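Structure first, then comments.
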Amino acid sequence: MKTCRTGTTLLEVVIGLAIFCTLTTISLYNIKDFQARVEEKQSLEWFKNTFKTAFNRAYLTGQESKFIIEENNTIIFDMRGNYKKTKQIKRKLPSSLSFYENSRNEYKIYGSGEASPVTITVNSTLTHRKYIYKIQMGWGEIIDETA
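The sequence shown: position 15 = 45 (this note's numbering), numbered continuously.
Structure follows, in structure tokens:
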């Protein structure tokens, strides 16, 4: 006499659960990696855009600005305002980004909107790339390259 099976066995449930957990773990790892890459890219775009803004502001207001790199991976844009008031824009970069060891710690943007030529290199441990920013002499156009 044959009996008809209508349910699943414990072994089938365990195999299905193992497959589901494996796929979930892989996708969560990829999501965290993707989020870190997006955060890194946003920080680099913020740096480039804020640098351009500091140049434009110095040119339009005739007041100098400074760009400061601190030891704890923090970038500060120090912009002077009217009556010697200081406006600071500060942001901490992700831990996967670091500045090249030979980079200066302070860059000056003159009130005429000019700066001396400089190359700023940022290393990424996440993507294993070097992001190179070159500031041209005269009007501070920033050119980015990836190595």
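Where is the CB? At the ideal position from N, CA and C, for every residue including glycine.
Fair warning: this is a prediction, and the values are worked out from it, not measured in the lab.
- Closest option to Lys78, judged by alpha-carbon separation, among Ile172, Arg67 and Ala177: Ile172.
- Cβ contact annotation for Tyr130 (same chain, cutoff 6 Å, sequence separation greater than five): Thr151, in chain order.
- Your pair Ile139 and Thr80 does not check out as a contact, with CB atoms roughly 12 Å apart and the cut at 8 Å.
- With a 10 Å radius around the Cβ and a threshold of 16 neighbouring Cβ atoms, Gly46 comes out exposed.
- C-alpha of Arg87 to C-alpha of Asp63: approximately 36 Å in a straight line.
- Ranked by Cα distance from Lys122, the options Gly143, Asp108, Glu100 and Asn135 are led by Glu100.
- Relative to the Cα of Val68, the nearest Cα in the group Leu156, Leu53, Ala48 and Phe85 belongs to Leu156.
- Taking a 10 Å sphere around the C-beta of Gly37, we find fewer than 16 other C-beta atoms and assign the residue as exposed.
- Note on geometry: alpha-carbon atoms of Asp108 and Lys96 lie some 5 Å from one another.
- Annotated as distal: Ile162 and Glu144, with beta-carbon spacing of 8 Å or more.
- Under the three-state reduction of DSSP output, Glu136 falls in the strand class.
- The residues Lys164, Ile165, Gln166 and Met167, in chain order, have a CB closer than 8 Å to that of Pro147 in the same chain once the five nearest residues on each side in sequence are set aside.
- The alpha-carbon of Gln65 is positioned some 37 Å away from that of Leu90.
- In the DSSP assignment, Arg67 falls within the alpha helix (DSSP H) that extends over Leu40 to Thr91.
- Around the beta carbon of Glu70, 16 or more other beta carbons lie within 10 angstroms, which makes this residue buried.
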